[in-house]
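Engineer: Each residue of the sequence shown is one higher than the one before, counting from 28 in my numbering.
Shown below is the structure under consideration.
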Amino acid sequence: MVTAMEDACPNGVREEEEVTPLGQPGMEGPPAARSTQGADTSGAMQQVLTMGELPTHGRPKTSTCSSKAIMESTTPLIRLITNSWRGSWRRVDNNMELVYVRPYFDYNPANDNLIPCREAGMAFKKGDILQIVNREDPNWWQACHVVGGATGLIPSQFLEEKRKAFVPRDFDGSGILCGTIAGKKKKKMMYLTAKNAEFDRHELQIYEEVAKVPPFQRKTLVLIGAQGVGRRSLKNRLMVLQPTRFGTTIPYTSRRARDEELDGNTYHFTSRTEMEVDVKAGRFLEHGEYDGNLYGTKIDSIHEVVATGRTCILDVNPQALKVLKTAEFMPYVVFIAAPDFDTLKAMHKAVVDAGITTKQLTDVDLRKTVDESARIQRAYSHYFDLTIVNDNLDRAFETLQAAVDKLCSEPQWVPVNWVY
Numbered sequence: 028m029v030t031a032m033e034d035a036c037p038n039g040v041r042e043e044e045e046v047t048p049l050g051q052p053g054m055e056g057p058p059a060a061r062s063t064q065g066a067d068t069s070g071a072m073q074q075v076l077t078m079g080e081l082p083t084h085g086r087p088k089t090s091t092c093s094s095k096a097i098m099e100s101t102t103p104l105i106r107l108i109t110n111s112w113r114g115s116w117r118r119v120d121n122n123m124e125l126v127y128v129r130p131y132f133d134y135n136p137a138n139d140n141l142i143p144c145r146e147a148g149m150a151f152k153k154g155d156i157l158q159i160v161n162r163e164d165p166n167w168w169q170a171c172h173v174v175g176g177a178t179g180l181i182p183s184q185f186l187e188e189k190r191k192a193f194v195p196r197d198f199d200g201s202g203i204l205c206g207t208i209a210g211k212k213k214k215k216m217m218y219l220t221a222k223n224a225e226f227d228r229h230e231l232q233i234y235e236e237v238a239k240v241p242p243f244q245r246k247t248l249v250l251i252g253a254q255g256v257g258r259r260s261l262k263n264r265l266m267v268l269q270p271t272r273f274g275t276t277i278p279y280t281s282r283r284a285r286d287e288e289l290d291g292n293t294y295h296f297t298s299r300t301e302m303e304v305d306v307k308a309g310r311f312l313e314h315g316e317y318d319g320n321l322y323g324t325k326i327d328s329i330h331e332v333v334a335t336g337r338t339c340i341l342d343v344n345p346q347a348l349k350v351l352k353t354a355e356f357m358p359y360v361v362f363i364a365a366p367d368f369d370t371l372k373a374m375h376k377a378v379v380d381a382g383i384t385t386k387q388l389t390d391v392d393l394r395k396t397v398d399e400s401a402r403i404q405r406a407y408s409h410y411f412d413l414t415i416v417n418d419n420l421d422r423a424f425e426t427l428q429a430a431v432d433k434l435c436s437e438p439q440w441v442p443v444n445w446v447y
């Protein structure tokens, strides 16, 4: 059934009557396996906007785009959804199956100059879970929040990709984004990061299709953050308090063992030749060189921890997330964010005064930590399941522990390709 929207929308756009969403909490079975029987998903809009492809010869000179620039293209108009949308409608007995997505951006229709009727739009926040009710129009989908709320219009994957194509993206702090101070290159060169840096620069996340699953223990717990934010302290505390539940990998190195070091204790010692062979064979999650010696984390060592029934805790370079965010590792990714500069400085002074560390960090070092934390958050936030600002180590640990415990007691929304 379709109800007129003329009173609310002077331009004559019509919106579907609110559809009661299926798959509310408490229903059994995977969300994507239930059909929307009885839901009228036809005729989402009586008046739709049709847009053409972007010109392939450059972008506007300004960093912001206008409605006219997006809506008017130099190529013929199309009514197809781009292939970059990996979600799909799967039909059973001519009924639409349910599709859920997690957006990676905030949206407010009141600020959108492209939406045909702002009153018909639906606002959402990054990380919300949305049920897609109808996506027949290439530019505007009908959706509703999983937890309550009426059906409304949201920008489609195609429209949002087109809109964002007009905005320069720069995660290294050299473009329109500010807050990053370029420092000297570290001696430790991470080969994986160098290989993937260009790919990360152009990564664009809009929506991710997800499915609701019962509580389960993740295979890996990945702690991401700038150097000096306390990742190692949090990791060690979890393993000490719950050794039967958490474990971690032992890194490999080509350097010689010192007199007091035992193989397999703090490091696996091997030859440089063997490590280079394994690197070429893709057996390392990440690897690097420091002071003329190779260091790295083997993928098999992650599986070895998981095989014991424990969650493997990893504190790796953020660019390794592209490898880890799969059904093979099923990670829960936690970003440990640096606090503001003054708080970080006070925390560092406290640990020095307490004799916990003898390493003195300058204001320049501390500012680099804050800036690096901001850069990582801008570039990789679409991978994060949780963000914890470590302005107090005890509170940060309590938050981390509570979040991990919740995974084993409450249903979870995970990428749909982990399930199907």
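All residues carry an ideal CB built from backbone N, CA and C; glycine is no exception.
DSSP state of residue 290, grouped into three classes?
Structural biologist: Locating residue 290 in the sequence shown gives position 263, counting from the first residue. The answer is strand: DSSP assigns residue 290 an E or B state.
Engineer: What residues are listed by DSSP as bridge partners for residue 415?
Structural biologist: Here residue 415 refers to the residue found at position 388 of the sequence shown. Answer by DSSP bridge pairing, in chain order: 363.
Engineer: Within the same chain, show all residues whose beta-carbon is closer than 7 angstroms to that of residue 445, passing over the 5 residues directly before and after it, in chain order.
Structural biologist: One-based indexing of the sequence shown puts residue 445 at position 418. Correct list, in chain order: 354, 357.
Engineer: Would the C-beta of residue 187 count as close to the ligand GTP, meaning under 7 angstroms from any of its heavy atoms?
Structural biologist: With respect to the ligand GTP, the structure shown offers nothing to examine, as it has no ligands at all.
Engineer: Measuring straight from C-alpha to C-alpha, what distance separates residue 333 and residue 346?
Structural biologist: As a working mapping, residue 333 is identified with position 306 in the sequence shown. As a working mapping, residue 346 is identified with position 319 in the sequence shown. Whole-angstrom Cα-Cα distance: 22 angstroms.
Engineer: Taking the beta carbon of residue 521 as the centre, do at least 16 other beta carbons fall within 10 Å, making it buried, or is it exposed?
Structural biologist: Here the chain covers residues 28 to 447 and nothing more, so residue 521 does not appear.
Engineer: Flag this pair as yes or no: are the beta carbons of residue 321 and residue 280 separated by less than 8 angstroms?
Structural biologist: Counting from 1 along the sequence shown, the entry for residue 321 is found at position 294. Counting from 1 along the sequence shown, the entry for residue 280 is found at position 253. Closer than 8 angstroms, so yes.
Engineer: Going by CA-CA distance only, name the one from 244, 329, 338 that's closest to residue 270.
Structural biologist: Taking the sequence shown and counting its residues from 1, the one referred to as residue 270 is at position 243. Residue 270 has its Cα closest to that of 338, out of 244, 329, 338.
Engineer: Tell me the start and end of each unbroken beta strand (DSSP E) in the region 229 to 285 that is at least 3 residues and wholly inside, in chain order.
Structural biologist: Taking only runs of at least 3 residues, the beta strand (DSSP E) segments lying wholly in the region 229 to 285 are 234 to 240, 247 to 251, 273 to 275.
Engineer: Does residue 364 pass the burial test, meaning 16 or more other C-beta atoms within 10 Å, or should it be called exposed?
Structural biologist: Indexing the sequence shown from 1 puts residue 364 at position 337. Under this definition residue 364 is a buried residue.
Engineer: Roughly how many whole angstroms lie between the Cα atoms of residue 393 and residue 416?
Structural biologist: Working through the sequence shown from its first residue, we reach residue 393 at position 366. Working through the sequence shown from its first residue, we reach residue 416 at position 389. The alpha-carbon atoms of residue 393 and residue 416 are separated by roughly 15 angstroms.
Engineer: Taking 8 angstroms as the cut-off, decide whether the C-beta atoms of residue 438 and residue 242 are in contact.
Structural biologist: Translated into positions along the sequence shown, residue 438 becomes position 411. Translated into positions along the sequence shown, residue 242 becomes position 215. Going by C-beta atoms, residue 438 is nearer than 8 angstroms to residue 242.
Engineer: Please identify the residue among 176, 130, 341 whose C-alpha is closest to the C-alpha of residue 266.
Structural biologist: Position 239 of the sequence shown holds residue 266. If we check each option's Cα against that of residue 266, 341 comes out closest.
Engineer: Where residue 406 and residue 362 are concerned, what is the direct C-alpha to C-alpha distance, given to the nearest angstrom?
Structural biologist: For the purposes of this step, residue 406 is taken as the residue at position 379 of the sequence shown. For the purposes of this step, residue 362 is taken as the residue at position 335 of the sequence shown. If you take the alpha carbons of residue 406 and residue 362, they lie about 12 angstroms apart.
Engineer: According to DSSP, is residue 449 helix, strand or coil?
Structural biologist: Examination of residue 449 is not possible in this model, given that the chain is present from 28 through 447 alone.
Engineer: Are residue 348 and residue 249 touching if we call contact CB-CB under 8 angstroms?
Structural biologist: Here residue 348 refers to the residue found at position 321 when the sequence shown is read from its first residue. Here residue 249 refers to the residue found at position 222 when the sequence shown is read from its first residue. Yes, Cβ-Cβ distance for residue 348 and residue 249 is below 8 angstroms.
Engineer: On the DSSP bridge assignment, give the partners of residue 439 in chain order.
Structural biologist: Position 412 of the sequence shown, counted from the start, is the residue given in the question as residue 439. Beta-bridge pairing links residue 439 to 240.
Engineer: Applying the 10 Å Cβ sphere with the 16-neighbour rule, what's the burial state of residue 319?
Structural biologist: One-based indexing of the sequence shown puts residue 319 at position 292. Label assigned to residue 319: exposed.
Engineer: On the three-state DSSP scale, how would you describe residue 344?
Structural biologist: As a working mapping, residue 344 is identified with position 317 in the sequence shown. Residue 344 falls in the coil class under three-state DSSP.
Engineer: Can you find the residues in the same chain that come closer than 6 angstroms, C-beta to C-beta, to residue 295, ignoring five residues on each side of it along the sequence?
Structural biologist: Numbered from 1 along the sequence shown, position 268 holds the residue referred to as residue 295. If we look at residue 295 and ignore the five residues flanking it on each side, its Cβ neighbours are 277, 279.
Engineer: Assuming contact is defined by CB atoms lying nearer than 8 angstroms, are residue 262 and residue 247 in contact in what I supplied?
Structural biologist: Within the sequence shown, numbered from 1, the residue matching residue 262 stands at position 235. Within the sequence shown, numbered from 1, the residue matching residue 247 stands at position 220. No. Outside cutoff.
Engineer: On a Cα-Cα basis, can you pick out the residue from 126, 352, 400, 360 that is closest to residue 371?
Structural biologist: Taking the sequence shown and counting its residues from 1, the one referred to as residue 371 is at position 344. Closest by alpha carbon: 400.
Engineer: So who's on the other strand from residue 161, going by DSSP bridges?
Structural biologist: Taking the sequence shown and counting its residues from 1, the one referred to as residue 161 is at position 134. DSSP output for residue 161 lists 169 as bridge partner(s).
Engineer: Could you check which residue in 151, 135, 152, 154 has the C-alpha nearest to that of residue 145?
Structural biologist: Position 118 of the sequence shown, counting from 1, holds the residue named residue 145. With distances taken between Cα atoms, residue 145 lies closest to 135.
Engineer: Secondary structure at residue 320, three-state DSSP: helix, strand or coil?
Structural biologist: Mapped onto the sequence shown, residue 320 falls at position 293. Of the three classes helix, strand and coil, the one that applies to residue 320 here is strand, per DSSP.
Engineer: Let's test the definition: count the other Cβ atoms within 10 Å of the Cβ of residue 328 and tell me whether it reaches 16, buried, or not, exposed.
Structural biologist: Sequence index remark: in the sequence shown, residue 328 carries index 301 (1-based). Counting Cβ neighbours within 10 Å, residue 328 comes out buried, since at least 16 surround it.
Engineer: Which one of 396, 359, 385 has the shortest CA to CA distance from residue 8?
Structural biologist: Residue 8 cannot be examined here, being either before or after the span of the chain that is shown, 28 to 447.
Engineer: Assuming residue 141 is part of the alpha helix (DSSP H), what are its boundary residues?
Structural biologist: By 1-based counting over the sequence shown, the position of residue 141 is 114. Counting along the chain, residue 141 falls outside any alpha helix (DSSP H), and DSSP gives it neither H nor E.
Engineer: Looking only at its own chain, which residues have a Cβ that is under 6 angstroms from the Cβ of residue 180, when we skip the five neighbours before and after it?
Structural biologist: Reading the sequence shown from its first residue, position 153 is the one you call residue 180. 147, 148, 167, listed in sequence order.
Engineer: When burial is assigned at 16 or more other CB atoms within 10 Å of the CB, is residue 304 buried or exposed?
Structural biologist: Your numbering for residue 304 matches position 277 in the sequence shown. With fewer than 16 Cβ atoms within 10 Å of its Cβ, residue 304 is classed as exposed.
Engineer: Measure the alpha-carbon distance for residue 462 versus residue 190 and round it to whole angstroms.
Structural biologist: The structure shown does not extend to residue 462, since the chain is modelled only from 28 through 447, so no value can be given for it.
Engineer: If we ignore side chains and look at the alpha-carbon of each, how far apart do residue 240 and residue 316 end up?
Structural biologist: For this step, residue 240 is matched to residue 213 along the sequence shown. For this step, residue 316 is matched to residue 289 along the sequence shown. If I take the Cα positions, the gap works out to 40 angstroms.
Engineer: Does residue 398 pass the burial test, meaning 16 or more other C-beta atoms within 10 Å, or should it be called exposed?
Structural biologist: For this step, residue 398 is matched to residue 371 along the sequence shown. That one is buried.
Engineer: Starting from residue 326, follow the alpha helix (DSSP H) in both directions and report where the run begins and ends.
Structural biologist: Within the sequence shown, numbered from 1, the residue matching residue 326 stands at position 299. It spans 326 to 334 - the alpha helix (DSSP H) in which residue 326 sits, taken as one unbroken run.
Engineer: Sort 140, 154, 366 by Cα distance to residue 182 and report the nearest one.
Structural biologist: Here residue 182 refers to the residue found at position 155 when the sequence shown is read from its first residue. The residue with the shortest Cα to Cα distance from residue 182 is 140.
Engineer: Is it buried or exposed, residue 429, if we count other Cβ atoms within 10 angstroms and call 16 or more buried?
Structural biologist: Counting from 1 along the sequence shown, the entry for residue 429 is found at position 402. Classification for residue 429: exposed.
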